[in-house]
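Down below is the structure, laid out as structure tokens.
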Amino acid sequence: MSTAMIFVGLILSTILATASNSWLLAWLCLELNTLSILPFISKTKHPRAIEAATKYFLTQATASCLLLLAGTSNAWLTGTWDMTQMSNKLTSTTMLIALTMKMGTVPTHFWLPEVLQGSTLLTALLISTWQKIAPMSLLFIMSNNIQPTFTLTLGLLSTTFGGWGGMNQTQLRKMMAYSSIANMGWTVITLTHEPKASMINIFTYIILTTPTFLLMALTSTKTLQNMTTMWSTSPLATTTMALLLLSTAGLPPLTGFLPKLIIMNELVTQNLTPLATMTMMTSLLTLSFYLRTTYLTTLLNPPSSATSATKWRQKMTKNKTMILLPTATTSTFMMPALIP
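Letter by letter, the sequence shown follows residues 116 to 455 of our numbering.
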């Protein structure tokens, strides 16, 4: 009962934050959202989980302080808490830093890999997807008042550091965290020029990441070594996982390529071709570690000798597979009619 109430609070706080038009109400809803997710992070009563909950709380509290500072300063300068009245450069930049800290972009991204690693797979799913909706909605509202140079710099740095950080990882949750950082770079880089493209990118990422984390949870897959034995649990889930990983990396003609194509088109339209080229080059870093994971999942057989230790896992039932199959399949392939 208590878990259901906390989950309802998590959903309501996000909805209210996205629907609010006042910075004071948005700050209050984001605080409720943070307090609602903390019990899920620390539920396992493990030292790593407690550490992750502490890091998450301190980071979100710092971001909330910056958000309240920017909102109060803007209300003092303009006489209103209205989100659309952010004409001052200092307050709008401070608000941008606060909201990007909540989402996990460079340079305030260091908390995300550690928090995901200390959480369960389902909690990591919530942090990577649902927790980004409210801050992203607030950024969408104030996108007209954000400095373009600042968002372009944050976007390029996030795609670069997200790609480099994920190269070395053997833990899938940390790898997905750095993938999230890189994807947030793609989202932020075109926020001031074409906010709708940013929203398309973030929601496409959420649609792709959700079945990926669910497949990991159902097959008890947490490391790259576990990925090599995933085929023995469910060949269908293994194939679907490979397609989802390639789609998240942005490999055409899968779904993940569509928002990247739209963003590249917008950058070139704005005469930012060198920046678009650098961003595409950094996306190759993300593609490299996703290709490595796909290779381990589908093209590599583990040692079959009696001395090799394999992790015990529960057999996936047919019902669980059939529940995930429609969601994963529809989110993996791209409809040609959506290409601009």
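By construction, the Cβ of each residue, glycine as well, lies at the ideal position given by its N, Cα and C atoms. Nothing here was measured: the structure is a model prediction, and the numbers come from that model.
In the structure shown, Q286 adopts extended strand secondary structure according to DSSP, grouped into three states. The beta carbon of M345 is closer than 8 Å to those of T334, T336, A352, T353, M356, T412 in its chain, skipping five residues each way along the sequence. V383 and K170 have their C-alpha atoms roughly 39 Å apart. A Cβ-Cβ separation of about 7 Å places V303 in contact with T215 under the 8 Å criterion. Considered as a whole, the segment 229-297 harbours 236-243, 248-256, 263-282 as its complete alpha helix (DSSP H) runs of no fewer than 4 residues, in chain order. Under the DSSP assignment, V123 falls in the alpha helix (DSSP H) whose first and last residues are 117-134. Per the coordinates, the alpha-carbon of T199 lies some 11 Å from the alpha-carbon of T193. With respect to L227, A176 sits apart: the two C-beta atoms are not nearer than 8 Å. By the Cβ rule, the segment 204-219 counts as touching the segment 171-191, because three or more pairs are nearer than 8 Å. The way I'd put it, the segment 276-290 does touch the segment 393-403; three or more beta-carbon pairs between them come closer than 8 Å.
With a cutoff of 8 Å on beta-carbon distance, P263 and H224 are scored as not near each other.
Looking at the DSSP output, S137 bridges to D197. F328 and L240 have their C-alpha atoms some 6 Å from each other.
In the assembly as shown, T285 is an exposed residue. Its beta-carbon has fewer than 16 other beta-carbons within 10 Å. Under the three-state reduction of DSSP output, T338 falls in the strand class. Contact annotation: I248 and A312 have beta-carbon atoms that are not nearer than 8 Å. When DSSP states are grouped into helix, strand and coil, G300 belongs to the helix group.
In this structure the segment 126-138 touches the segment 241-260; the number of beta carbon pairs closer than 8 Å is three or more. If you ignore the 5 residues before and after G371, its C-beta comes within less than 7 Å of the C-beta of T319, L323, S362, T363, A364, G365, all in its own chain and listed in chain order. Excluding sequence positions up to five before and after P154, its CB lies within less than 7 Å of the CB of I121, all in the same chain and listed in chain order. Relative to the Cα of N189, the nearest Cα in the group G300, M257, T409, T266 belongs to M257. Across the structure, L127 and Q246 are spaced so that their CA atoms are roughly 12 Å apart.
Residue T238 holds the alpha-carbon nearest to the alpha-carbon of R288 among I130, T238, L358.
Counted as a single uninterrupted DSSP element, the alpha helix (DSSP H) harbouring N316 occupies residues 310-333. In the three-state DSSP reduction, F225 falls in the coil class, being neither helix nor strand. In terms of Cβ geometry, N260 and M201 form a close pair [threshold 8 Å]. Taking a C-beta distance under 8 Å as the contact criterion, L236 and M331 qualify as a contact pair.
According to the DSSP assignment, L211 belongs to the alpha helix (DSSP H) that extends over 204-218.
Look at S157 here: in three-state DSSP terms it is coil, with no helix or strand label. E229 is positioned such that its CB atom lies closer than 8 Å to that of A167. Secondary structure of Q175 (DSSP, three-state): helix. In the three-state DSSP reduction, T353 falls in the helix class (H, G or I). In terms of Cβ geometry, A132 and L145 form a close pair [threshold 8 Å]. Cβ neighbours of S234 within its own chain (closer than 6 Å, five residues either side excluded): I156, A167. For L399, the enclosing alpha helix (DSSP H) starts and ends at 388-409. The C-beta of T118 has fewer than 16 other C-beta atoms within 10 Å across all chains shown, which makes the residue exposed.
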